[in-house]
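For the sequence shown, the working numbering gives the first residue as -10, with consecutive numbering after it. Okay, structure first, notes after.
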Amino acid sequence: MSTTAPATAAAATEQASCTLDIDGMTCASCVGRVEKALNRVTGVTAADVNLATEVATVRFDPAQIGVDELTAAVARAGYTATPRREAQSTAERPGTGADAPGEDRDGEAHLTALKRKWQITLATGLGLMVLMYVPLYLDTMDWLMPAILVVATVVQFWAGRDVYRAAWTAARHRSTNMNTLVALGTGVAYGYSAFVTLWPAAAERWGLPLHVYFETSLVILALVLAGRWMEARAKKQTAAAITALVGLAPKTARVVRNGAEVDVPVERVVVGDLIRVRPGDKVPVDGVVTDGATAVDESMLTGESLPVDKTVGDTVIGATINRTGTVVLRATAVGADTALAQIVRLVEDAQGAKVPLQRLADRVSAWFVPIVLGLAAATFLAWALLGPDTGRLTMAITTTIAVLIIACPCALGLATPTAVMVGTGRAAELGILIGNGDALETARRVTAVVLDKTGTITRGKPALTGITTTAGWAEDDILALVAAAETGSEHPVGEALVAAATARFLDLPPLRTFDAVPGHGIDAVVDERHVLVGNTALMTARSVDITALAGTAASAAAVGQTPMFVAIDGQPAAVLSVADTVKPESAQAVAQLQALDLQVWMITGDNAATATAIADQVGIEHVLAEVLPADKAAEVRRLQEQGHVVAFCGDGINDAAALSAADVGIAIGTGADVAIAASDITLIGGDLRVIVSAIALSRRTVTTMKQGLGWAFGYNLLLIPVAAGALYWWNGLLLDPVLASAAMAMSSVSVVTNALRLRRFHRPTMVDEILHPPLRARIGQYAYLTGIAVVALALGAGLTAVSRMDFAERGMNGQLAWAQGTGMPMRPAMSEMMTAEVPPTDATDARVDVRLDLPADVRPGQPTRLVATVVDSGTGEPIEDLTRSHEAWMHLIATREDLGTFAHVHPQPTSEPGQLAVEVTFPTAGRYIVNTEFRRQGEMGDVHQRQVITVAGAAPEPVVLAAGPRSVVVDGVRVELTGEAAAGGRSDLAFTFTDDATGRPVDDLQPYLAAAGHVVVMRADGQTFAHEHAEVEDDRGRPVFALPGQTFGPELDVHAEFATAGTYQLWAQFRLADGDVITVPFTIEAT
């Protein structure tokens, strides 16, 4: 409830206010910082900042502070402030017009630049994303990665310059905001990617994953900018009501000066000027008609569709449209004093108001960004320290970026102000002026509506309702005589009778004499006839017998009408019934209010009979009659004491006390006086049904606010944990940062667009529409955001599924991860490096030692934990710079001394430096040869060590090896080995794969440990060892690498060296299409 405190003698100086356009705000956190900065300035009494309008309204003592100090305070907080209009007395603030054309052009230029930035950045980011997922040849990265670095650098810092500048400014002022989160997220992604690109060896040496996020950084930035562009466009649409109102004002006026008509700019019109308005022209300023008659279309201000007749003495409102006749009016209000200017100011103030719901969002937002930064840091540490052994740092970086990006304080800051802007704007279009945010929110909770009778339910002026004549008299004859007699009267009843005769186009006979009889009526001579018009007392005093008309008069009085007797030449002639008639729409308005489950009361100073009669006509059950104006406020408070939230509706003048006492004060009046009514809600037109629209729109607006806040809170509460990896337990699911940025942009855009749906609000036309709204309307209130959530989840799930497919792992990042998994350092000409035959280095030469530890109670055929510790052979210190070789930290091949058994296992790092462990089963007792291979960071080749361990127990008879068949069937797959094994040099062997049952070639072998296949070759005495890999070339003679999704077969080549002649055992391992790994043994003779 807004009230105006009376001025006191203690007030030393008059309060001033100013409006500042704030630049640089991106979220609700920014709002809090700007408000805090302004409120700290000495002399400032109140400062309200609105994120949706990007405006600060400041009230201050001009004796202590000026506008320059206010803008400086905002600048110190890290933002910029531009005065929209000069500070002035709050009592003299003019309405504001449209932004200057230059400001409009600047706004359009900003939107155009923002659109260009996000479109170019998104196109570049998506192009890079394609490179991340489209299969590339390994050597392509030699030149592609530096090229991507250059492109990403140029685009990112061109498009994100304002974001990074704002984040830096906030950091300098020791604060954080939305820009901080975006800058950190994209900065981490870009910085890490640049480091990996420029210094891959250092990244490998430090154990960092070779993974670039250039496309992530660009797409995130593009989506953030796209979201801001859409927000800006949506905000522009939320101001459409103001723009439309301002656009109503005409630019020129035809002023009559010195007898000539001159077209002058409307700004040069002064009070008292005579202005001619022709049919079709807009009325330039407020005024009073001095000549002519016309019909004026006031629908743009009042919402009333029918033109209103205007004649001499009637008031017209500026910006309305003259429809029929030419009139001359005298200007009564110009410039900031016109009704339109004041309406614009009221709507602007309402749109900038902060509703109580917003305060909750502001309190949360004040801590939001710091909390998110803390959660991001905790997420990184948790994944880096507790994540899976493989890729924990990659997961830490990815989840941290996702947490930083997905957190969205924008939605929290936009949820209520955008709804307020659109709701109050739509209200203005419907002829409803909402004075403040509290009224908008309180109107939703109204339970009782108190309607003043006169001027609210009724027309507010008397009208002729009936004529009952005696024998020999016609109605028109009586009315003509009475109207002629009343032309000399200034009484409202007399004016009503004259108006009725005029409406019937009656010719009035001449009035000869006129005498007003106070409290009784009139005595006149009209065209030689003696006419008496008045009450019973007048007739009795003049000895007129009215017995025949008494019953009719009593009936009229019983229904709230005022009967007046007419006597002609001393004889009773008629009874005229006059009443303040009920507006035709009042009954429907009351029914609609009751349909909204509101208790409707009528309050009036009339007697109970009249009040009850009027109430019965409109369907009101609760009547407060014979209430003096001074007692109306007490009646309102009595209802409040009963637990009602009361809305009082009156004319805003003699009901001022009741309007102030009510929870919501609603004034009904004409456009000229409505703009200055001391009420919370002002109805420009006189249609009582607009109250229904006001309350229904308030409910819709508050519902929209709650939807926006619920969406914003729910979004952050649900998706921040998802971004942090809360769903990783479910099949290793992590949220991609790109999807996080899309979700962040969509969250704020959806809140704004949901608020924009209020523009489609239409006033209810029928009671049934309120009691039984269409199913579509009921569902539509909640279907929009629900639909967005469902679509977003579907798109997110689909894109996540696509990103997890094998082909996606064959792009740039997949190849980088694959190359790092093979243990091959990033160097130019990777294909040559990968195929180079670098013999393993003996552990002795590498000055390292692998210590194998088995439990003392190891048993044949039982799984046991084998621990391998890699140490420096000289110092005994653990080796900590191990890296993966062919996707394994260590390859451990254990064969019985007679080569009768084979096991190829891969120890994994433990928590101890240089220590790896694996579970292995020794089939039988006896001596086992254990060959271990591992790689140190930055090295091209592996380190190899051969050891022999003993498993206690009775060993079986040794197996004697002899050359066997070259065709072996394993798991339904026939594998044939071709080629000759030549001693002392390289031998070219080949494997051929067919389905043993059908003979069909098998061409869907899967990569196994970053190779098409692994082949272990040992001489029969166990003294030699070689670990080779199957090879394939494409049709251009280039090697085909075992990237994820690649398939092999039906032929594979392998190159092996046989040091001496003799018998050799080969074990070839391949992965079938179903994921099973088969081990195929061959015994061959090298000659």
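Every residue, glycine too, gets a C-beta built ideally from N, C-alpha and C. Note that the structure is predicted; figures quoted are calculated from it, not measured.
Pairwise C-alpha distance: Met879 and Asp831: Near 15 Å, if we compare the C-alpha coordinates of Met879 and Asp831.
Distance between His509 and Arg532 (C-alpha atoms, nearest Å): Position check: residue 532 holds Ser in this sequence, whereas Arg was assumed. Their Cα atoms are separated by approximately 14 Å.
Proximity below 9 Å, CB of Pro896 to CB of Leu881: Their beta carbons are under 9 Å apart, which means Pro896 touches Leu881 by this criterion.
Residues near Ala1062 in its chain [Cβ-Cβ closer than 6 Å; skip 5 each side]: Asp993, listed in sequence order.
For Glu517 and Ala474, the rounded distance between their alpha carbons: Between the alpha carbons of Ala474 and Glu517 lies a gap of roughly 12 Å.
Meets three-Cβ-pair contact criterion under 8 Å: the stretch 916 to 927 and the stretch 860 to 880: As far as the Cβ criterion goes, the stretch 916 to 927 touches the stretch 860 to 880, which means the pair count is three or higher.
Spatially closest choice to Gly276 from Gly324, Arg246, Gln631 and Asp644, by CA coordinates: When each option's Cα is compared against that of Gly276, the closest is Gly324.
Simplified DSSP assignment, three categories, for Asn28: Under the three-state reduction of DSSP, Asn28 is assigned to helix.
Val847 - containing beta strand (DSSP E), residue span: Per DSSP, Val847 belongs to no beta strand (DSSP E) and is neither H nor E.
Buried or exposed (CB count within 10 angstroms, at least 16 for buried), Pro406: Residue environment analysis places Pro406 among the buried positions, since at least 16 neighbouring C-beta atoms fall within 10 angstroms of its C-beta.
Helix, strand or coil at Thr304 according to DSSP, with G and I counted as helix: Thr304: strand per DSSP, three-state reduction.
Residues bridged to Gly455 [DSSP beta-bridge criterion]: Partner(s): Ser566.
Cβ distance (whole Å) where Leu628 is taken to contact Gly420 below 8 Å: Not a contact, Cβ separation roughly 27 Å.
Ala1019, DSSP secondary structure in three states: In the structure shown, Ala1019 sits in coil (DSSP, three-state: anything other than H, G, I, E or B).
Contacts around Thr389, its chain only, beta-carbon distance under 6 Å, and the 5 residues preceding and following it disregarded: Same-chain partners within the cutoff: Ala365, Thr368 and Phe369.
Start-to-end residues for the beta strand (DSSP E) that takes in Trp1056: First-last of the beta strand (DSSP E) with Trp1056: Gly1051 to Arg1060.
Where Ser649 falls: helix, strand or coil (DSSP): Ser649 falls in the helix class under three-state DSSP.
Beta-carbon proximity list for Arg501, same chain, < 7 Å, skipping 5 on both sides: Closer than 7 Å at the Cβ level, and outside the excluded window around Arg501, lie Val514 and Val515.
Collapsed DSSP secondary structure at Asp605 in the structure displayed: Reduced to three states, the DSSP call for Asp605 is helix.
Cα-Cα separation, Val30 to Gln53: CA-to-CA, the gap between Val30 and Gln53 works out to about 10 Å.
CB of Asp286 within 9 Å of CB of Pro296, strictly: Judged by their CB atoms, Asp286 and Pro296 are nearer to each other than the 9 Å cut-off.
Coarse secondary structure for Thr536, derived from DSSP in three states: In this structure, Thr536 counts as helix in the three-state DSSP scheme.
Cβ-based neighbour list, Gly261, same chain, cut-off 8 Å, excluding 5 preceding and 5 following: Within the same chain, Arg319 and Ala320 come within 8 Å of Gly261 by CB-CB distance, once the 5 residues on both sides are set aside.
Inter-stretch contact (C-beta, 8 Å, three-pair minimum) for the stretch 980 to 994 and the stretch 1031 to 1047: Pairwise C-beta distances place the stretch 980 to 994 in contact with the stretch 1031 to 1047, as three or more of them are shorter than 8 Å.
Top-ranked residue by Cα proximity to Glu464, from Val435, Arg415 and Val555: That would be Val555, whose Cα lies nearest to the Cα of Glu464.
Status (buried if at least 16 other CB within 10 Å, exposed otherwise) for Tyr202: Result: buried.
Cutoff 7 Å; reference Met118; Cβ partners in own chain excluding five residues on either side: Closer than 7 Å at Cβ, skipping near neighbours: Glu204 and Val208.
Test item: CB-CB of Pro239 and Ala322 under 9 Å: The answer is no: Cβ separation not under 9 Å.
Bridge-paired residues (DSSP) for Lys299: Note: Lys299 sits in a beta bridge opposite Thr283.
Inter-residue Cα distance where the pair is Val959 and Val1069: So the two alpha carbons sit approximately 7 Å from each other.
Inter-residue Cα distance where the pair is Ala70 and Thr15: If you draw a straight line from the Cα of Ala70 to the Cα of Thr15, it is about 14 Å long.
7 Å CB neighbourhood of Ile467 in its chain, flanking five on each side removed: Closer than 7 Å at the Cβ level, and outside the excluded window around Ile467, lie Ile456, Thr458, Val555, Ala562 and Ala563.
Rounded C-alpha distance that separates Trp107 from Ala191: Counting only the Cα atoms, Ala191 lies some 34 Å from Trp107.
Complete beta strand (DSSP E) runs within the stretch 902 to 964 (minimum length 3 residues, chain order): Counting only runs of 3 or more residues that sit fully inside the stretch 902 to 964, the beta strand (DSSP E) segments are 904 to 910, 915 to 925, 932 to 940 and 956 to 959, in chain order.
Beta-carbon proximity of Met1007 to Ala1019, cut-off 9 Å: No; because the gap between Cβ atoms is not below 9 Å, this pair is not in contact.
Segments assigned alpha helix (DSSP H), at least 4 residues, entirely inside the stretch 574 to 601: With a minimum length of 4 residues, the continuous alpha helix (DSSP H) runs that stay inside the stretch 574 to 601 are 575 to 584.
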